[in-house]
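A.B. asks:
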Amino acid sequence: MILFLSVLALVLLMDVVVLVVLLPSLLIRLLLVPLCPEVVWCGRGRQKRLALTIDDGPSGPGSEALLALLGELQVPATFFLIGTHLERDHRFARRALQQGHAIGNHLWRDEPSVSLPPPLFQQQLADTERAIARAAAPATLRWRWFRPGGGRFHRPMLDALAARSYRLVLGSVFPWDTLQPPLWFVRLFVRLNAHPGGILVLHDTPALSGRTLETLRRIVPDLRRRGYRFVPLQELLDPST
33 MILFLSVLAL VLLMDVVVLV VLLPSLLIRL LLVPLCPEVV WCGRGRQKRL
83 ALTIDDGPSG PGSEALLALL GELQVPATFF LIGTHLERDH RFARRALQQG
133 HAIGNHLWRD EPSVSLPPPL FQQQLADTER AIARAAAPAT LRWRWFRPGG
183 GRFHRPMLDA LAARSYRLVL GSVFPWDTLQ PPLWFVRLFV RLNAHPGGIL
233 VLHDTPALSG RTLETLRRIV PDLRRRGYRF VPLQELLDPS T
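Now the structure itself:
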């Protein structure tokens with residue numbers, strides 16, 4: 033009996049691991065969306081639409097290559113930029129906007145946002161907003177999107193964002209690309225987790241931008257063959273726009 037219970041517990045644990053590692057999109061939609069309605073996890077509806085988001089840029093030449101590839105693939109993206117990383121390419125935000133992409137705020141440094149004291153969080157939020165606005169000029173930005181470093185949040189963060197008219201955007205399809213798994217795994221993960229209204233999260237850093245390029249070259253045609261189309265984040269969340 034003890035052996036049976038041990039085996040049963042092991043099987044259940046393996047099932048949980050498979051869900052968390054291979055099918056987190058299902059858990060996000062079933063559990064996190066109703067538990068945290070103030071956070072944007074994904075869009076609604078049954079249309080096979082996806083939004084692409086890319087974090088941590090600009091990375092320098094890698095970001096330029098990403099813009100070129102996105103133009104070739106005709107895929108709109110939302111770039112969540114880090115304030116200090118704008119030093120790598122001061123004009124990236126302007127070029128991205130000119131090509132029809134959107135910009136989001138990813139704070140001042142690449143660090144867990146949830147660990148910042150509230151006054152420092154608010155300062156970094158405002159500093160990053162001003163830095164991106166300068167980099168995007170003469171375009172005028174309407175600030176909507178924020179993504180916390182590390183993907184975690186708490187009530188004071190949500191309150192501070194609401195006071196500045198931001199929406200906290202996480203996502204529902206995150207193929208663990210920061211861990212640099214094999215590209216076949218990324219492709220399989222996206223195939224398993226893609227869903228109508230999905231928000232895909234990839235990264236643009238000096239170490240990851242090349243992998244993001246290869247990932248997009250492979251998964252965009254795959255997803256389109258399955259009937260998906262990429263739309264701007266705003267359109268995904270508000271089809272009337």
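Here the numbering used here = 1-based position in the sequence shown + 32.
Backbone N, C-alpha and C define an ideal beta-carbon position, used for all residues, glycine too.
Model, not experiment: these values are computed from the prediction.
(1) Count the other CB atoms within 10 Å of the CB of Cys-63; is the residue buried (16 or more) or exposed (fewer)?
(2) Answer with yes or no whether the minimum CB distance from Gln-131 to chain B is below 8 Å.
(3) Please work out which residues of its chain come closer than 6 Å, Cβ to Cβ, to Leu-105, disregarding the five sequence neighbours upstream and downstream, and give them in chain order.
(4) Check whether the Cβ of Leu-129 sits closer than 7 Å to any heavy atom of the ligand ZN, and report yes or no.
(5) How should Pro-56 be labelled, buried or exposed, when 16 other C-beta atoms within 10 angstroms of its C-beta is the threshold for buried?
(6) In the DSSP assignment, find the unbroken alpha helix (DSSP H) run with Arg-166 in it and report its ends.
(7) Out of curiosity, what's the CA-to-CA distance linking Leu-118 and His-138?
(8) Check this for me: beta carbons of Ala-163 and Gly-115, under 8 Å apart or not?
(9) Are the CB atoms of Pro-228 and Arg-123 within a distance shorter than 8 Å?
(10) Whole angstroms is fine: what's the gap from Leu-130's alpha carbon to Leu-99's?
(11) Can you give me the start and stop residues for the beta strand (DSSP E) that Leu-82 sits inside?
(12) For Leu-173 versus Gly-203, is the C-beta distance shorter than 8 Å?
(13) With DSSP as the reference, please indicate the residues paired to Gly-136 in a beta bridge.
(14) Name the one or two DSSP bridge partners that Leu-234 has.
(15) Kindly indicate which three-state DSSP category Tyr-260 falls into: helix, strand or coil?
(16) What is the DSSP secondary structure of Arg-179, counted as helix, strand or coil?
(17) What are the start and end residues of the alpha helix (DSSP H) that includes Phe-124?
C.D. replies: Taking the definition as stated:
(1) Numbered from its first residue, the sequence shown carries residue 63 at position 31. The displayed chain sequence assigns Leu, not Cys, to residue 63. Classification for Leu-63: exposed.
(2) No chain B is part of this structure, which consists of one protein chain only.
(3) Here residue 105 refers to the residue found at position 73 of the sequence shown. Closer than 6 Å at the Cβ level, and outside the excluded window around Leu-105, lie Val-252.
(4) No copy of the ligand ZN occurs in the structure displayed, which carries no ligand at all.
(5) The sequence position of residue 56 within the sequence shown is 24, counting from 1. Result: buried.
(6) On the sequence shown, residue 166 is found 134 positions in, with the first residue counted as 1. Note, Arg-166: alpha helix (DSSP H), 150-168.
(7) Residue mapping note: residue 118 aligns to position 86 of the sequence shown, counting from 1. Residue mapping note: residue 138 aligns to position 106 of the sequence shown, counting from 1. In a straight line, the C-alpha of Leu-118 is about 11 Å away from that of His-138.
(8) For the purposes of this step, residue 163 is taken as residue 131 along the sequence shown, with counting starting at 1. For the purposes of this step, residue 115 is taken as residue 83 along the sequence shown, with counting starting at 1. In this structure, Gly-115 lies closer than 8 Å to Ala-163 by Cβ.
(9) Position 91 of the sequence shown, counting from 1, holds the residue named residue 123. Position 196 of the sequence shown, counting from 1, holds the residue named residue 228. Not closer than 8 Å, so no.
(10) If you number the sequence shown from 1, residue 130 lands on position 98. If you number the sequence shown from 1, residue 99 lands on position 67. The question names Leu, but residue 130 is Gln in the sequence shown. Cα to Cα, the separation comes out at about 11 Å.
(11) Locating residue 82 in the sequence shown gives position 50, where the first residue counts as 1. Segment 81-89, the beta strand (DSSP E) holding Leu-82.
(12) Stepping through the sequence shown from its first residue, residue 173 is reached at position 141. Stepping through the sequence shown from its first residue, residue 203 is reached at position 171. The answer is no: Cβ separation not under 8 Å.
(13) Position 104 of the sequence shown, counting from 1, holds the residue named residue 136. DSSP lists Phe-112 as partners of Gly-136.
(14) Stepping through the sequence shown from its first residue, residue 234 is reached at position 202. Residue pairing by DSSP places Leu-234 opposite Ile-86 in a beta bridge.
(15) Counting from 1 along the sequence shown, the entry for residue 260 is found at position 228. Secondary structure of Tyr-260 (DSSP, three-state): coil.
(16) Within the sequence shown, residue 179 is the residue found at index 147, counting from 1. Reduced to three states, the DSSP call for Arg-179 is coil.
(17) Position 92 of the sequence shown, counting from 1, holds the residue named residue 124. Unbroken alpha helix (DSSP H) run through Phe-124: 124-130.
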